[in-house]
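Remember, the working numbering sits 55 above the position in the sequence shown when you count from 1. Each residue gets a CB set at the ideal place from its N, CA and C atoms; glycine is no exception. Below: one structure, written as structure tokens.
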Amino acid sequence: MKGFFSISINIFCVVFGCLLISCNKTKSEGDKNGTSEVQFNLPENFILEELYHISANKQGSWVALAEGDDKTIYACDQRGKIYYFKMPEIGDIVQTANVDSLNLDIGEAHGLLWAFNSLYVAVNKNWDDAIADESQRGSGVYRITDSNGDGRLNDVRMLLKLEGAGEHGPHSFVLSPDGESIYFIAGNHVIIPERLKNNSRLPTNWGEDNLFTPYLDARGHATEIKAPGGWVAKFDSNGENWELISAGYRNPFDLAFNRDGELFTYDADMEWDIGMPWYRPTRICHVTPGSEYGWRTGSGKWPDYYPDNLPAVHNLEQGSPTAILAGSNLKIPSKYKNGLFIMDWSFGTIYYANLIPKGSSYSATREEFLSGTPLPLTDMIAGSDGNLYFATGGRSLDSHLYRLSYDGDIIESENRPDDSGKELRELRHELENYSAINPEEAISKAWNNLDHEDRFIRYASRIALENFPAEGWQERFYSEESPIKTIEAGIALARQGDKKDQDKILKKLNQINWEDLDERQQVDLLRNYALLFIRMGQPGSLSRQSLIKKFKPYFPNSNNAINRELAQIMLYLNVDGTVKNLSALLEKHTAEKTNISSQMLSEETTLRSEQYGPLIREVIAKMPPSEAIFYGMLLSHATEGWNKALREKYFMWFYDVLSAKGGMSFKAYMENVRLQAMSNVPDKDKAYFEELSGVYSPGTVAENLPQPIGPGANYSGSTINSFLWGDKMNDYNGTLADGERAYRAALCILCHRMRGEGGATGPDLTQIRSKFGRYDLLYSIYSPNDDISDQYAFTLFHLDNDKKIAGRILSESSDSIKILPNPLNTSYTVQLAKSSVLKQDLSPISPMPSGLLNRLNEKEISDLFAYLLSGADESHELYNNKNLE
Numbered sequence: 056m057k058g059f060f061s062i063s064i065n066i067f068c069v070v071f072g073c074l075l076i077s078c079n080k081t082k083s084e085g086d087k088n089g090t091s092e093v094q095f096n097l098p099e100n101f102i103l104e105e106l107y108h109i110s111a112n113k114q115g116s117w118v119a120l121a122e123g124d125d126k127t128i129y130a131c132d133q134r135g136k137i138y139y140f141k142m143p144e145i146g147d148i149v150q151t152a153n154v155d156s157l158n159l160d161i162g163e164a165h166g167l168l169w170a171f172n173s174l175y176v177a178v179n180k181n182w183d184d185a186i187a188d189e190s191q192r193g194s195g196v197y198r199i200t201d202s203n204g205d206g207r208l209n210d211v212r213m214l215l216k217l218e219g220a221g222e223h224g225p226h227s228f229v230l231s232p233d234g235e236s237i238y239f240i241a242g243n244h245v246i247i248p249e250r251l252k253n254n255s256r257l258p259t260n261w262g263e264d265n266l267f268t269p270y271l272d273a274r275g276h277a278t279e280i281k282a283p284g285g286w287v288a289k290f291d292s293n294g295e296n297w298e299l300i301s302a303g304y305r306n307p308f309d310l311a312f313n314r315d316g317e318l319f320t321y322d323a324d325m326e327w328d329i330g331m332p333w334y335r336p337t338r339i340c341h342v343t344p345g346s347e348y349g350w351r352t353g354s355g356k357w358p359d360y361y362p363d364n365l366p367a368v369h370n371l372e373q374g375s376p377t378a379i380l381a382g383s384n385l386k387i388p389s390k391y392k393n394g395l396f397i398m399d400w401s402f403g404t405i406y407y408a409n410l411i412p413k414g415s416s417y418s419a420t421r422e423e424f425l426s427g428t429p430l431p432l433t434d435m436i437a438g439s440d441g442n443l444y445f446a447t448g449g450r451s452l453d454s455h456l457y458r459l460s461y462d463g464d465i466i467e468s469e470n471r472p473d474d475s476g477k478e479l480r481e482l483r484h485e486l487e488n489y490s491a492i493n494p495e496e497a498i499s500k501a502w503n504n505l506d507h508e509d510r511f512i513r514y515a516s517r518i519a520l521e522n523f524p525a526e527g528w529q530e531r532f533y534s535e536e537s538p539i540k541t542i543e544a545g546i547a548l549a550r551q552g553d554k555k556d557q558d559k560i561l562k563k564l565n566q567i568n569w570e571d572l573d574e575r576q577q578v579d580l581l582r583n584y585a586l587l588f589i590r591m592g593q594p595g596s597l598s599r600q601s602l603i604k605k606f607k608p609y610f611p612n613s614n615n616a617i618n619r620e621l622a623q624i625m626l627y628l629n630v631d632g633t634v635k636n637l638s639a640l641l642e643k644h645t646a647e648k649t650n651i652s653s654q655m656l657s658e659e660t661t662l663r664s665e666q667y668g669p670l671i672r673e674v675i676a677k678m679p680p681s682e683a684i685f686y687g688m689l690l691s692h693a694t695e696g697w698n699k700a701l702r703e704k705y706f707m708w709f710y711d712v713l714s715a716k717g718g719m720s721f722k723a724y725m726e727n728v729r730l731q732a733m734s735n736v737p738d739k740d741k742a743y744f745e746e747l748s749g750v751y752s753p754g755t756v757a758e759n760l761p762q763p764i765g766p767g768a769n770y771s772g773s774t775i776n777s778f779l780w781g782d783k784m785n786d787y788n789g790t791l792a793d794g795e796r797a798y799r800a801a802l803c804i805l806c807h808r809m810r811g812e813g814g815a816t817g818p819d820l821t822q823i824r825s826k827f828g829r830y831d832l833l834y835s836i837y838s839p840n841d842d843i844s845d846q847y848a849f850t851l852f853h854l855d856n857d858k859k860i861a862g863r864i865l866s867e868s869s870d871s872i873k874i875l876p877n878p879l880n881t882s883y884t885v886q887l888a889k890s891s892v893l894k895q896d897l898s899p900i901s902p903m904p905s906g907l908l909n910r911l912n913e914k915e916i917s918d919l920f921a922y923l924l925s926g927a928d929e930s931h932e933l934y935n936n937k938n939l940e
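Below is the structure:
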């Protein structure tokens with residue numbers, strides 16, 4: 056999940072010893088069973104008690120907590136039952152004999168809440184699995200009550216069925232401050248039910264809203280998930296009235312109201328995207344009614360400066376967000392009362408975010424509150440005794456329950472709320488509650504605040520407009536004199552207006568003097584234009600010429616955000632000279648190593664995770680130039696305006712960018728960008744630019760090899776994985792001959808040996824099954840640039856003519872070097888004069904071409920993997936059992 060620990064799919068094991076801790080820095084000593092030590096860092100005057108070792112009692116790995124009546128704590132195993140027990144007194148522990156489970160056909164919950172004398176449960180389980188296992192219920196929101204009054208929960212009722220499960224599935228609850236409603240949050244793999252779309256605070260005509268087709272995750276993550284992503288809804292006690300409140304999240308796990316009654320969540324990043332221009336770190340978001348936070352799949356994620364989404368209250372770094380909790384209900388020093396505690400599973404840290412009013416919203420400062428190594432934090436609650444209770448575990452890891460209490464003096468007189476921003480929050484609330492007043496009054500109030508200096512108020516005003524038919528307010532747009540109101544209303548019209556009015560809207564926007572706007576307003580105006588193109592298509596000829604005349608003098612621009620938005624519009628309108636300008640920006644930001652987002656964990660924090668820390672440190676050491684990558688990706692869409700010199704520099708640029716280190720999808724993404732760019736190269740020039748990129752054709756050496764049966768496809772990693780080891784392949788029925796044919800058709804034999812036959816420029820594959828797991832084997836073929844062995848990597852030569860060439864060194868004399876650049880054709884060699892070589896290093900591009908599997912059909916790919924996994928052994932169980940599983 057990520058909200059729930061999606062930094063990696065690998066599962067590691069952590070265990071803890073018993074402890075009673077009251078100092079700032081200490082450790083648990085482990086137990087007699089060889090459990091590992093936990094290094095804890097605690098705030099001063101806090102006492103930490105381990106109350107229960109869940110895993111030792113074979114009760115799973117707890118990820119959800121709630122407190123019910125009479126100090127009863129409920130907890131749920133991520134993949135099992137719901138348990139309950141009494142809260143122990145200070146100094147006591149939970150006795151195994153006192154922990155019981157609900158004798159009901161419900162469990163696998165990510166969220167629990169006690170309210171209205173009931174236990175609300177967010178089940179996270181695929182319905183297909185639930186049907187197969189009749190003892191369980193599928194994903195949804197349930198209410199459990201004591202229907203016969205015997206003191207035991209016995210009646211389970213579904214309030215809302217949900218389509219979607221897993222670590223990006225249904226998550227958690229929080230009770231509203233007035234005690235009348237429950238708020239629920241779901242990850243981006245949960246489809247918004249129709250009944251919520253019919254009662255929504257935000258307009259439901261959402262879209263991807265990208266000017267150019269985004270690149271989907273190269274490994275296939277969330278490629279089918281479209282706008283608006285993760286969402287928040289509220290409902291009444293009976294689950295009869297549901298309302299969609301907010302959307303555009305990736306995978307936030309939990310919710311919390313602060314002391315002012317404002318709602319917050321802690322959203323996840325996509326760590327596979329580290330180094331890419333759209334990557335953003337984990338962040339605290341203010342969940343206002345009607346808010347949109349801009350998550351879109353793949354490279355389509357919106358930057359937070361887009362006016363049609365809202366910015367984070369506070370950006371963190373890498374991690375796996377789990378619980379979020381307000382400090383207002385804890386018996387702790389007053390400095391913690393106005394803020395939020397947030398949990399990171401991956402790096403075992405609880406942070407405290409001190410909320411500072413900022414207009415009608417907030418900013419925050421942050422400090423580490425508690426940390427442990429290892430400490431996979433899952434959920435926390437404020438107990439009725441004022442203490443903090445939290446669990447560790449998840450993903451079947453060793454699981455524990457802790458209590459944190461404060462042992463110092465609390466001065467209640469200092470515990471006063473901060474009323475700063477109260478009036479602005481009240482104004483925002485009025486705008487958000489547009490349905491509470493008559494439409495004419497609501498539209499007037501919204502219009503009057505479209506140019507408010509507060510971004511959240513401007514946003515709420517526009518959303519209020521969008522919830523009324525455009526016919527009721529668009530004439531105000533055409534007569535409006537304020538450029539800011541014109542831009543905000545123009546965005547609303549782009550999203551809600553009629554395509555036939557596009558030229559008229561553009562004419563109105565063109566009246567705005569660019570130089571009268573500040574940089575933020577210029578970005579907003581550019582987004583307005585982009586949305587008009589996205590939603591309504593290419594402008595007419597006269598409008599296009601007016602736009603080119605208006606914007607061409609300002610591109611390139613000194614402001615990076617403005618430059619990115621202008622660049623897209625210039626390319627979209629096919630303005631002369633755009634490719635040349637984009638190429639110059641690509642070169643500039645590559646040389647300057649400009650990063651759009653450079654928020655990275657401290658080295659100290661990365662050391663808390665042996666599993667994930669090394670990757671973060673590698674990225675920090677070899678950070679990709681994300682600003683340059685933005686232009687490299689944009690240029691991949693350019694079909695006109697190229698010359699040979701520009702294309703040469705562009706395709707050689709891939710050597711530079713692939714020398715960096717990013718997340719797991721980084722290099723596969725960049726290869727997809729290269730392939731897209733290559734598709735725009737004229738056929739007569741393709742061979743030249745392929746070789747310039749280090750990609751070669753087998754030529755005549757492949758004439759005697761079988762051709763793929765096909766048809767192939769542009770497969771993603773997850774697509775291949777789904778039919779390779781999914782339901783389609785439960786009964787594999789291929790033969791060794793089928794596998795050998797696929798092996799030859801895929802050109803593997805040209806570079807690799809199998810049982811003594813084949814080329815030797817790559818590793819011998821006879822024992823490949825003993826060296827790679829199936830997942831790693833798939834991605835070593837699908838995305839060969841990810842991890843290149845020094846033993847087989849080519850040498851990259853930087854030449855004095857500004858060109859580069861990669862190859863295997865065959866021989867070397869006093870004045871020349873002979874290399875083999877084409878691993879598929881050992882008869883083709885190149886002689887380099889040593890005097891022309893400026894420097895040489897290992898090539899970041901694998902000798903093994905990407906996309907080899909794209910030439911095969913699904914059956915051929917299955918045959919190939921069976922062949923590799925069997926080591927070409929006909930007696931292998933794959934051919935005897937006929938089952939790839």
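Query                                                                                                                                                                                   : Result
Express the C-alpha separation of Gln846 and Arg663 in angstroms, rounding to a whole number.                                                                                           : 32 Å
With a threshold of 16 other CB atoms inside 10 Å of the CB of Ser930, please say whether the residue is buried or exposed.                                                             : exposed
Which residue from Ser752, Arg305, Gly448, Ser638 puts its Cα closest to that of Thr278?                                                                                                : Arg305
Short check: CB of Lys859 to CB of Ser866, under 8 Å?                                                                                                                                   : no
Distance check for Ala622 and Leu318, CA to CA, integer angstroms please.                                                                                                               : 37 Å
Looking at Val342: is its Cβ nearer than 8 Å to the Cβ of Leu310?                                                                                                                       : yes
How far does the alpha helix (DSSP H) with Arg550 in it extend, from its first residue to its last?                                                                                     : 538-551
Curious, which full-length beta strand (DSSP E) runs of at least 3 residues does the region 428-467 contain?                                                                            : 432-437, 443-447, 455-461
Compute the beta-carbon to beta-carbon distance between Leu168 and Ile237, rounded to the nearest angstrom, for a pair I have assumed lies under 8 Å.                                   : 7 Å
In this structure, does DSSP put His484 in helix, strand or coil?                                                                                                                       : helix
Report the partner residues of Gly195 according to the DSSP bridge assignment.                                                                                                          : Val178, Lys216
Can you tell me where the beta strand (DSSP E) holding His853 begins and where it ends?                                                                                                 : 850-854
Does the region 443-461 come within contact of the region 326-346, defined as at least 3 CB pairs closer than 8 Å?                                                                      : no
For a test of your reading of the model: does the CB of Pro429 fall under 7 Å from any non-hydrogen atom of the ligand GTP? Yes or no.                                                  : This structure lacks the ligand GTP; in fact it carries no ligand of any kind.
Look at Leu919 and Tyr830 and say whether their C-beta atoms are less than 8 Å apart.                                                                                                   : no
Can you tell me where the alpha helix (DSSP H) holding Asn96 begins and where it ends?                                                                                                  : Unbroken run through Asn96 is the beta strand (DSSP E), 94-96; no alpha helix (DSSP H).
Can you list, in chain order, the residues of its chain with a C-beta nearer than 7 Å to that of Lys392? Leave out the 5 residues immediately preceding and following it.               : Arg314, Gly382, Ser383, Asn470
Going along the chain, which residues of its own chain have a beta-carbon closer than 6 Å to the beta-carbon of Asp928, five neighbours each way excluded?                              : none
Report the CB separation of Met655 from Ile675 in whole angstroms; it is logged as a contact under 8 Å.                                                                                 : 5 Å
In chain order, what residues of the same chain lie with their CB nearer than 6 Å to the CB of Thr821, ignoring the 5 residues before and after it?                                     : Met809, Arg810, Gly926
With a cut-off of 8 Å, do at least 3 Cβ pairs link the region 436-455 to the region 341-357?                                                                                            : no
When you compare the CB positions of Ala616 and Tyr360, do they come within less than 8 Å of one another, or not?                                                                       : yes
Taking DSSP as the reference, what is the three-state secondary structure of Trp569?                                                                                                    : helix
Return the CA-CA distance between Leu953 and Asn727, expressed in angstroms with no decimal places.                                                                                     : Examination of residue 953 is not possible in this model, given that the chain is present from 56 through 940 alone.
Can you tell which of Gly374, Leu564, Ile916 has the C-alpha that lies nearest to the C-alpha of Cys803?                                                                                : Ile916
Which whole-angstrom value is the C-beta distance of Ala273 and Tyr724, which I expect to be below 8 Å?                                                                                 : 5 Å
Considering Cα atoms alone, identify which of Asn260, Leu120, Thr127, Gly162 is closest to Gly206.                                                                                      : Thr127
Scan the region 617-670 and note each continuous alpha helix (DSSP H) run of 4 residues or more that stays entirely inside, going in chain order.                                       : 633-647, 658-661
Does the contact criterion of 3 or more C-beta pairs under 8 Å hold for the region 226-234 versus the region 321-330?                                                                   : no
Does the region 418-428 come close enough to the region 372-381 that 3 or more CB-CB pairs lie under 8 Å?                                                                               : no
Given this structure, state the Cα-to-Cα distance separating Gly449 from Met719, to the nearest angstrom.                                                                               : 22 Å
Just checking my contact of Asn583 with Gly545 at CB under 8 Å: how many whole Å lie between their CB atoms?                                                                            : 5 Å
Please work out which residues of its chain come closer than 8 Å, Cβ to Cβ, to Leu561, disregarding the five sequence neighbours upstream and downstream, and give them in chain order. : Tyr584, Leu587, Pro594, Ser598, Ser601, Leu602
Output needed for Ser346: all residues of its chain with C-beta closer than 6 Å, excluding positions within five of it in sequence on either side, in chain order.                      : Ser301, Leu365
Hey, could you find the ends of the beta strand (DSSP E) Ile589 is sitting in?                                                                                                          : No beta strand (DSSP E) holds Ile589; the alpha helix (DSSP H) holding it covers 574-591.
How many angstroms separate the CA atom of Gly427 from the CA atom of Glu163?                                                                                                           : 26 Å
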